[in-house]
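J.: 43 is the number that my numbering gives to position 35 of the sequence shown; each next residue is one higher, with no gaps.
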Amino acid sequence: MLPIETELSILIHLAKADGFISHEELEIIQRLGLENNLSTEQVNDLVENENSIAVFQNLSLDDRIELLISMIKLMKRDNKIHQKEINFCQKIALQLGFGTGVIAKLSAYIFASDQINTDPDVLIKMATKFYSENN
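1) Going by C-alpha distance, which of Leu40, Gly27 and Thr126 is nearest Cys97?
2) I need the boundaries of the alpha helix (DSSP H) containing Thr136, first residue and last residue.
3) Among the residues of its own chain, which have a CB less than 6 angstroms from the CB of Ile29, if the five just before and after it don't count?
4) DSSP puts Phe106 in a beta bridge; with which residues?
5) Could you name the residues of the same chain whose beta carbon sits closer than 6 angstroms to that of Asn44, not counting the 5 residues immediately before and after it, in chain order?
6) Could you spell out the range, first to last residue, of the alpha helix (DSSP H) harbouring Ser17?
7) Quick check on Leu76: buried or exposed, where buried means 16 or more other Cβ atoms within 10 Å of its Cβ?
8) Tell me the rounded alpha-carbon separation between Ser140 and Met83.
9) Between the Cα of Ser78 and the Cα atoms of Val51, Leu34, Ser47 and Ile111, which residue gives the shortest distance?
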């Protein structure tokens with residue numbers, strides 16, 4: 009399991025891939041931090057500190073899948089799915105080497121579950137089908 013600071017650093021790096029972090033992306037990153045007991049100041053420090061950003065290309069496949077699952081579960085927590093959250097997750101998936109459709113497939117399984125703890129083996133098998141090492 010990735011430490012929350014590492015996970016956020018990766019998300020920040022991915023959000024900056026297009027040259028800037030949008031207001032919507034920053035909101036999602038801050039919410040994830042707050043839900044994991046980080047203060048707004050701590051999250052802002054991660055955003056501003058370029059040296060803290062992890063290199064996501066070196067992540068294992070398991071860590072890449074874990075990152076996607078964390079983001080999808082974050083969307084489920086408030087029982088409100090916003091298009092900006094879906095778009096952000098899709099952007100992350102593509103940057104991590106997953107094909108289009110992985111977010112829809114994982115989301116369908118996670119959202120169908122009555123609880124947030126779903127079978128990780130099923131999720132890993134689903135995500136692996138969409139992964140390309142040529143990312």
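Idealized CB from N, CA, C, for every residue including glycine.
T.: So, to answer that:
1) Leu40
2) Pro128 to Thr136
3) Ala23
4) Tyr139
5) Ile12
6) Ile12 to Ala23
7) buried
8) 25 angstroms
9) Ile111
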